[in-house]
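Participant: Dropping a structure here in structure tokens format, bear with me for questions.
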DNA sequence: CAAATCACTTGTCATTTGGCAAAAAGAAAT
DNA sequence: ATTTCTTTTTGCCAAATGACAAGTGATTTG
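Chains as they are written, first to last, in the numbering used here: chain A, 26 to 215; chain B, 26 to 215.
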């Protein structure tokens, strides 16, 4: 829970009382590797903060391929904001790719915090914007790189993960086939 | 100016007085094709709403290539939010790729609106989040497509633009070389 | 243990894309 | 109109990637 508080404090001030309130609203939960936290079609009713482990966000494209949109690691929020805010079914899946722990804040809790803590909305918005901006920059950067560069960049960020998740997850994220990824890994290790 | 108001009204309610205030704060400006609205190194001091024309956001990667990160068309905000909020130099360029018109809202105006109009911040944040979410989804989708599909998708969205902007702008956005783009266009027209 | 299943690797070949340079086409300047 | 400059197209070949199938290895299941 402290990880969440420390993270929040990067984006604004919170006094002891406010921190206590947040802690009282957060619910610590766990999810096993491979389990889906969120499935397309379901309406998200909470926002979660990853404290341990890694998630991936994925969806099916028009050809029926399963595409990994991006990975999310520790100390980041996970939420399909559009669906969450509008109360409509999500179009994406969120899957734990390792055993993970997270803190859940229900929609009611978020509303309560928003009404009680002056500056809460501002903190949340800063976090959301930062998260999106990072995603745009990262994916955009990938567009101008070749597959090997993209793989190396991923490897740099998730060194322990690259060889422990299914090829399909990573290949679809990198925008290449599983075979190509297999060959790229082979070339690098030579 | 009405385009801006109509756009804002999609995200929340505004009464006549509030609308008048917003209009009084907005400054209508123009920019010529090819001119840079924003350059890397400058600190952005305003947010703008594009009413006519198309901008592109670009930067230089570590190899020195100029990369088009994305295009922005009418009825969208343009802002390097990170730099704008923190008051630090931008790392990106924003260039008009066609003659354009926009409404500028200075940082002071934005603050004023924020303090005066209840719900202003909420409207602004909804817009920001929506814009980012769209960008992430769009670029992410491109990752799973081949160059021809990416070009066709761009062509669909900006039919009049595809043949009127320099190859380099579009090619770097699509993540391919100018030669490849030239060949793709040729193949399609056959 | 054997069989079945799944994930990954490899082989083969076609296609796409890149790198480079020259040619062609367009645009701007004189 | 000619020259100059820039942009786009094309040719050529190498490298990267995709498609498909077969092979390998690991894991699970009975």
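C-beta atoms are modelled at their ideal positions from N, C-alpha and C, and glycine is treated no differently.
For residue 38 of chain A, collect the residues of the same chain with a Cβ closer than 8 Å to its Cβ; drop the 5 residues on either side in sequence, then sort them by chain order.
Facilitator: 144
Participant: By the DSSP assignment, the alpha helix (DSSP H) with residue 100 of chain A in it spans what residues?
Facilitator: Where residue 100 of chain A is concerned, there is no enclosing alpha helix (DSSP H), given that its DSSP letter is neither H nor E.
Participant: In whole angstroms, give me the CA-to-CA distance for residue 24 of chain B and residue 213 of chain A.
Facilitator: Given that chain B is displayed from residue 26 to residue 215, the structure contains no residue 24 of chain B and the question cannot be resolved.
Participant: For residue 36 of chain B and residue 151 of chain B, which I take to be in contact (beta-carbon distance under 8 Å), what is that distance rounded to the nearest angstrom?
Facilitator: 4 Å
Participant: In angstroms, rounded to a whole number, what distance separates the CA positions of residue 115 of chain B and residue 108 of chain B?
Facilitator: So the alpha carbons of these two residues sit roughly 5 Å apart.
Participant: Please classify residue 190 of chain B: is it buried, with 16 or more other beta-carbons within 10 angstroms of its beta-carbon, or exposed?
Facilitator: buried
Participant: Any C-beta of chain B within less than 7 Å: which residues of the region 162-192 of chain A qualify?
Facilitator: 164, 165, 167, 168 and 169
Participant: Rounded to whole angstroms, what's the CA-CA distance from residue 156 of chain A to residue 215 of chain B? Just pull it up for me.
Facilitator: 43 Å
Participant: Which of the three DSSP states is assigned to residue 183 of chain A in this structure?
Facilitator: coil
Participant: Along the chain, where does the alpha helix (DSSP H) that runs through residue 154 of chain B open and close?
Facilitator: 145-168
Participant: Hey, how far is the Cα of residue 159 of chain A from the Cα of residue 54 of chain B?
Facilitator: So the alpha carbons of these two residues sit roughly 30 Å apart.
Participant: Closest by CA to residue 63 of chain A, which one among A:184, A:77 and A:103?
Facilitator: Minimum Cα distance to residue 63 of chain A is reached at A:103.
Participant: Rounding to the nearest angstrom, what Cα-Cα distance links residue 126 of chain B and residue 76 of chain B in this structure?
Facilitator: If you take the alpha carbons of residue 126 of chain B and residue 76 of chain B, they lie about 6 Å apart.
Participant: By the criterion of Cβ-Cβ separation under 8 Å, what are the contact partners of residue 158 of chain B in chain A?
Facilitator: 106, 107 and 157
Participant: Could you tell me which chain B residues have their CB closer than 9 Å to the CB of residue 153 of chain A, listed as they occur along the chain?
Facilitator: Within 9 Å Cβ-Cβ: 150, 153, 154 and 157.
Participant: Just to confirm, is the Cβ distance from residue 168 of chain B to residue 30 of chain A under 8 Å?
Facilitator: no
Participant: With 16 as the cutoff for other CB atoms within 10 Å, does residue 121 of chain A come out buried or exposed?
Facilitator: Result: buried.
Participant: Reducing DSSP to helix, strand and coil, say where residue 56 of chain A ends up.
Facilitator: strand
Participant: Report the neighbours of residue 92 of chain B on chain A: residues whose CB is nearer than 9 Å to its CB, in chain order.
Facilitator: Those are 165, 166, 168 and 169, listed as they occur along chain A.
Participant: Which of the residues in the region 67-100 of chain B, read from start to end, lie with their CB under 8 Å from any CB of chain A?
Facilitator: 86, 90, 92, 94 and 95
Participant: Kindly indicate which residue of B:86, B:43 and B:210 has the alpha-carbon position closest to the one of residue 118 of chain B.
Facilitator: B:86
Participant: If we count the other Cβ atoms within 10 Å of its Cβ and call it buried at 16 or more, is residue 105 of chain B buried or exposed?
Facilitator: buried
Participant: Do you know how far the Cα of residue 46 of chain B is from the Cα of residue 140 of chain B?
Facilitator: 12 Å
Participant: Using DSSP with H/G/I as helix, E/B as strand and the rest coil, what is residue 126 of chain A?
Facilitator: strand
Participant: DSSP state of residue 199 of chain A, grouped into three classes?
Facilitator: If DSSP states are grouped into helix, strand and coil, residue 199 of chain A belongs with the helices.
Participant: What residues in the region 195-212 of chain B bring their beta carbon closer than 8 Å to a beta carbon of chain A?
Facilitator: 197, 198, 199 and 200
Participant: Taking residue 81 of chain A and residue 176 of chain A to be in contact with their CB atoms under 8 Å, please state how far apart those CB atoms are, rounded to whole angstroms.
Facilitator: Contact flag wrong, Cβ pair sits at about 16 Å.
Participant: So residue 198 of chain A and residue 100 of chain A are in contact, right, with Cβ under 8 Å, and what is the actual spacing, rounded?
Facilitator: Actually they are not in contact, since the Cβ atoms of residue 198 of chain A and residue 100 of chain A sit about 20 Å apart, beyond 8 Å.
Participant: In or out: residue 112 of chain A buried (at least 16 other Cβ within 10 Å) or exposed?
Facilitator: exposed
Participant: With the cut-off set at 8 Å, would you say residue 186 of chain A and residue 203 of chain A are in Cβ contact?
Facilitator: no
Participant: Please state if the CB of residue 154 of chain B and the CB of residue 153 of chain A are separated by a distance shorter than 8 Å.
Facilitator: Yes.
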